[in-house]
Amino acid sequence: MEIFDSPWLINMLAKSSKTPQGRLLALFDILHDWLKAPSFEHTSVTLGASCLSLVNYCLDQAKLLGAENPELLAEHIVLIAQNAARHAMLQPESNSLLHAKIVANALIQAQTQKTGLAANLKSSRTVFYGVAASMVMLIGAAAIWGPMLIHSRSAEAQLAQSDQRINNTAANSAENQNKTLTAIDASRMYAKYEQMRQGTCQFPEALQIPDKHKSIYLENVVGGKLPTDLDDLSVANFYLEKVRCNFTPMLMAASK
Amino acid sequence: MSGLREKILSTASDLFQTQGINSTGVDTIVATAGTTKMTLYKYFSSKELLILEVLKAGHQDFQTWLNDKLNANAKHPAEKLQKLFDYIEEWITAPEFNGIGFIKASAEFPKEDNPVHILSAEQSIQFQEYIKQLANEANIQDADGLSLQLSLLFKGAAQAEQMKRGSDAIKYAKIAAKILIDGSLTR
Numbered sequence: 001m002e003i004f005d006s007p008w009l010i011n012m013l014a015k016s017s018k019t020p021q022g023r024l025l026a027l028f029d030i031l032h033d034w035l036k037a038p039s040f041e042h043t044s045v046t047l048g049a050s051c052l053s054l055v056n057y058c059l060d061q062a063k064l065l066g067a068e069n070p071e072l073l074a075e076h077i078v079l080i081a082q083n084a085a086r087h088a089m090l091q092p093e094s095n096s097l098l099h100a101k102i103v104a105n106a107l108i109q110a111q112t113q114k115t116g117l118a119a120n121l122k123s124s125r126t127v128f129y130g131v132a133a134s135m136v137m138l139i140g141a142a143a144i145w146g147p148m149l150i151h152s153r154s155a156e157a158q159l160a161q162s163d164q165r166i167n168n169t170a171a172n173s174a175e176n177q178n179k180t181l182t183a184i185d186a187s188r189m190y191a192k193y194e195q196m197r198q199g200t201c202q203f204p205e206a207l208q209i210p211d212k213h214k215s216i217y218l219e220n221v222v223g224g225k226l227p228t229d230l231d232d233l234s235v236a237n238f239y240l241e242k243v244r245c246n247f248t249p250m251l252m253a254a255s256k
Numbered sequence: 001m002s003g004l005r006e007k008i009l010s011t012a013s014d015l016f017q018t019q020g021i022n023s024t025g026v027d028t029i030v031a032t033a034g035t036t037k038m039t040l041y042k043y044f045s046s047k048e049l050l051i052l053e054v055l056k057a058g059h060q061d062f063q064t065w066l067n068d069k070l071n072a073n074a075k076h077p078a079e080k081l082q083k084l085f086d087y088i089e090e091w092i093t094a095p096e097f098n099g100i101g102f103i104k105a106s107a108e109f110p111k112e113d114n115p116v117h118i119l120s121a122e123q124s125i126q127f128q129e130y131i132k133q134l135a136n137e138a139n140i141q142d143a144d145g146l147s148l149q150l151s152l153l154f155k156g157a158a159q160a161e162q163m164k165r166g167s168d169a170i171k172y173a174k175i176a177a178k179i180l181i182d183g184s185l186t187r
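Chain order of the listed sequences is G and F.
Mapping the first sequence onto the working numbering, position 34 (from 1) lands on 34, and the numbers just tick up by one.
Mapping the second sequence onto the working numbering, position 180 (from 1) lands on 180, and the numbers just tick up by one.
In structure tokens, the structure reads:
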């Protein structure tokens, strides 16, 4: 079936959502609607039909959301979509594409929740993607704000100071808590992630973060993953508190 | 059952799995099995019939093996469901794994009115029904939904593994299956 190799499908996916997870999962909704549309005559879905552009598009999304094995995730999701589409043509009432979407979501979780803490906190699943969405905005904001800040000495000084503070905080909390990450710390961070998901968040100063903190910031603040290392947690928490969010509901903001 | 018939069946099964069904000629089968075309056609009137018999035997083997494993190692119905993907993993990651018969056959015979395609579609449904039965025994509310989900997950993983051995597809499918099953059990 040519739909799997159509530029139309990839265009629809690209427009579907602001998050890579949303764009991956939209594949199933789009196919579901497409197969239900009465104006189309669907002949057959060729299993294993070449759909390299779709697989590549899904691969990009899988990489964006930080999948452990993005190639496999992309391949598996496309295979599931093809099988479900075939199934849907034989038994439209089974809603197989919507079930396939649930499967794909579980696979995304399987590939993104690493071990230990994150896996234990079941409520975490949606947070990650919301925060990931904010990364797109953050990059945009950074592009505008960044150049202005680069030459600002006071900003640099401020960040140097905060760097010092972070190191102190990290050291203190490490001593206090005997290197164990408590559930309270974790739930506090998750609450913040959840809150961020509701709004549009910015932290243009991210460009000025010391290099050694950049990866922690990207993974744990932008990526919404809980750090397992206590020092990292302190650093991540510090930056997490600095992110500014606008909680005007999307629709209201758009109508202004 | 004649030993020769068995021999032809297992030889054909090996060749179909390793070289593909369409690309394995009857000549190759008889040469490998050390018999003649005449004997082959005595037991199987056509290549198509031989393919159907190979598929039936292969599916039976897989289902029996899986069922025996689950019955021997899981006591409660929910436990059977939870262990399902453990044994699927064992099957798929075995060195001699060459793909799941009905999945490969339906890809090789995509025409929906082809008898091989029809049989492989039936086997696919049978497998989903088997999962549904496990889900029902475990008192899962939406047994239809869960069995469809697990069967889609399984098929995709088997195909990914067929395309690339050692892909880890089943490893992630197992985690995903756990998420899906746990979600259904607590509902």
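Glycine residues also receive a C-beta, built at the ideal position from the N, C-alpha and C atoms.
Only a predicted model underlies this, so the values are computations on that prediction, with no experimental measurement involved.
Our two residues, A173/F and T11/F, have alpha carbons roughly 31 Å apart in a direct line. Look at the stretch 90-111 of chain G: the residues with a C-beta under 7 Å from a C-beta of chain F are S94, S96, H99, A100, I102, V103, A106, L107, Q109, A110 and Q111. Short of 6 Å from the beta carbon of P20/G, and not among the five residues preceding or following it, lie these beta carbons of its own chain, in chain order: Q61, L64 and L65. Within the same chain, and ignoring the five residues on either side of S2/F in sequence, the residues whose Cβ sits closer than 8 Å to its Cβ are Y43. Comparing alpha carbon positions, the residue from L50/F, L15/F, Q63/F and T93/F closest to I131/F is Q63/F. Setting aside the 5 residues that flank it on each side, L180/F is surrounded in the same chain by L146, Q149 and L150, each with a C-beta closer than 7 Å to its C-beta; the list follows chain order. According to the DSSP assignment, R23/G belongs to the alpha helix (DSSP H) that extends over P20 to K36. Chain F places a beta carbon closer than 8 Å to that of E75/G, counting this residue as a contact. The C-alpha of F154/F is placed about 22 Å away from the C-alpha of L52/F. Distance from L31/G to A85/G at the Cβ level is roughly 5 Å; contact confirmed, criterion being Cβ atoms closer than 8 Å.
Below the 7 Å Cβ cutoff, chain G contributes N69 and L72 as neighbours of D168/F, in chain order. For the options L15/F, M38/F, A78/F and A31/F, the alpha carbon positioned closest to that of Q141/F is the one of A78/F. Taking all protein chains in view, the Cβ of G166/F is surrounded by fewer than 16 other Cβ atoms within 10 Å, so the residue is classified as exposed. For A84/G, the nearest beta carbon of chain F is closer than 8 Å to its own beta carbon.
Closer than 7 Å at the C-beta level to chain G, one finds these residues of the stretch 134-146 of chain F: G145. Proximity of I100/F to chain G, defined by a Cβ-Cβ separation below 8 Å, is not satisfied. Cβ-Cβ distances below 8 Å link S45/F to nothing in the same chain once the five nearest sequence neighbours on each side are left out.
The stretch 95-113 of chain G and the stretch 52-61 of chain G do not touch, with fewer than 3 CB-CB distances between them shorter than 8 Å. Between the stretch 89-109 of chain F and the stretch 119-131 of chain F, the count of Cβ pairs shorter than 8 Å is three or higher; the stretches touch.
No Cβ-Cβ contact shorter than 8 Å links V26/F with L49/F.
The Cβ neighbour count for T24/F, taken over all protein chains shown within 10 Å, is at least 16; the residue is labelled buried.
For G101/F, the enclosing alpha helix (DSSP H) has its first and last residue at G101 to E108.
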